[in-house]
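Structure first, commentary second.
Numbering (our numbering), first residue to last: -10 to 156.
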């Protein structure tokens, strides 16, 4: 599915009136895809500009790269603050500007979801270990079962925090 198809789907769903729960999920997913595609277009353009410069025999220094990134909206210029930007030797707060990467919320959400799924798989594995220990009836198993179940609960809480942190 390409971005044009996604845009048509969004337009169709938005003009359809009241949507079913399934259609609402499709619309939400399509909009997330659209946002991710937009973020990637800008990154790809940045890379193309740098490759073109290299192919033409030009060299880009740090200020060239910063200017290109700022023009494309990838970087933002902020007044240097050590507590926010880390300590840079020889710089004082408020004197200089620094370039920072702008956030990419769609990309961040996808990464957070992938990380959360990994943590949930760990939680499921811990629950599986606890079940196997319960079936084994070993004396030491009681503490181990408790540990595995506690670990699984903590992992599920952490997975939820990963997802919420990306919103």
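Built from N, CA and C at the ideal position, the CB exists for glycine as well.
None of these values were measured; they are calculated from a predicted model.
Where residue 51 is concerned, the enclosing alpha helix (DSSP H) starts and stops at 51 to 61. In this structure, residue 115 sits near residue 140, with a CB-CB distance shorter than 7 Å. Rounded to whole angstroms, the Cβ separation of residue 96 and residue 25 is 6 Å, and the two are in contact under 8 Å. If you ignore the 5 residues before and after residue 34, its C-beta comes within less than 8 Å of the C-beta of 61, all in its own chain and listed in chain order.
In the structure shown, residue 7 adopts coil according to DSSP, grouped into three states.
Judged by DSSP in its simplified three-state form, residue 154 adopts helix. Under the three-state reduction of DSSP, residue 46 is assigned to coil, being neither helix nor strand. Excluding sequence positions up to five before and after residue 124, its CB lies less than 6 Å from no other CB in the same chain.
Contact check for residue 113 against residue 151 fails: the beta carbons are separated by 7 Å or more.
In its chain, beyond the 5 residues on either side, 144, 145, 148 have a beta carbon closer than 8 Å to the beta carbon of residue 109. Pairing residue 131 with residue 104, the inter-Cα distance amounts to about 30 Å. Annotation for residue 119: the continuous alpha helix (DSSP H) segment containing it runs 94 to 125.
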